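To start, the structure under review is shown below, and the notes come after it.
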Amino acid sequence: MTETSFFERVYEVVKLIPEGRVTSYGAIAAFLGAKGSARMVGWAMNNASKMEDIPAHRVVNRNGLLTGKHHFPGTRVMQQMLEAEGVQVINDKIVRFQDYFWDPSVELQ
DNA sequence: CAAATGACGGCAG
DNA sequence: ACTGCCGCCATTT
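Just so it is clear: in the first sequence, position 15 is 27 by the working numbering, and no numbers are missing.
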């Protein structure tokens, strides 16, 4: 299993997401250089789902919607985790998403 | 090599 | 504002 690829790169970025912050698949993809491969980021997260060190709950789509919550053990786990970090979530959507948005290409530079 | 999949993104209606 | 379709890139079958 040579998963040593783009996924590993995604893990690094996701693990660097500060607590109480969120980012989008496209932002991560763009930071990795694969701008447009947002789907790949999601795929990476699918693999990362079995990783404990990957706060996938901090990664949402560009709408700030918890699209990936369906992949969690419980559909409410993701929301509870975010709320526990100070991110308010209503109707599976992050409140003030853009305010919590953490852009790796900007924060990490 | 070709087709299908995927936790997306952008644009058109 | 909401819904639907196409496009992108990488991985899998």
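The C-beta atom is built at its ideal place from N, Cα and C for all residues, glycine as well.
Because the structure is a prediction, the values reported are computed rather than measured.
Going straight from the alpha carbon of residue i to that of residue j, what length do you get?
i     : j      : result
Thr87 : Leu78  : 10 Å
His82 : Gln121 : 31 Å
Pro85 : Phe43  : 29 Å
Val99 : Val107 : 7 Å
Within the same chain, show all residues whose beta-carbon is closer than 7 Å to that of residue i, passing over the 5 residues directly before and after it, in chain order.
i     : result
Ile29 : Thr35, Pro67, Arg70 and Trp114
Thr14 : For Thr14, the pLDDT reaches just 46, beneath the cut-off of 50, and the residue's location in the model is therefore unreliable, leaving the point undetermined.
Asn73 : Ser36, Tyr37 and Thr79
Met52 : Phe18, Ala41 and Ala46
Keeping to the same chain, check which residues put their C-beta closer than 8 Å to that of residue i; ignore five residues upstream and five downstream.
i     : result
Tyr23 : Ala56, Ala60, Met63, Asp65 and Ile66
So what does residue i bridge to, in DSSP terms?
i      : result
Lys27  : Looking at the DSSP assignment, Lys27 forms no beta bridge with any residue, so it has no partner.
Phe113 : Val34
Val107 : According to DSSP, Val107 bridges with nothing at all.
How far does the alpha helix (DSSP H) with residue i in it extend, from its first residue to its last?
i      : result
Arg51  : Ala50 to Ala60
Ala39  : Tyr37 to Leu44
Met93  : Val89 to Ala96
Val118 : Pro116 to Glu119
Below 6 Å CB to CB, which residues in the same chain sit around residue i once its five sequence neighbours on both sides are set aside?
i     : result
Arg33 : Tyr112 and Trp114
Report whether the distance from the Cβ of residue i to the nearest heavy atom of the ligand FMN is below 7 Å.
i     : result
Glu31 : Among the components of this structure there are no ligands whatsoever, and the ligand FMN is therefore not found.
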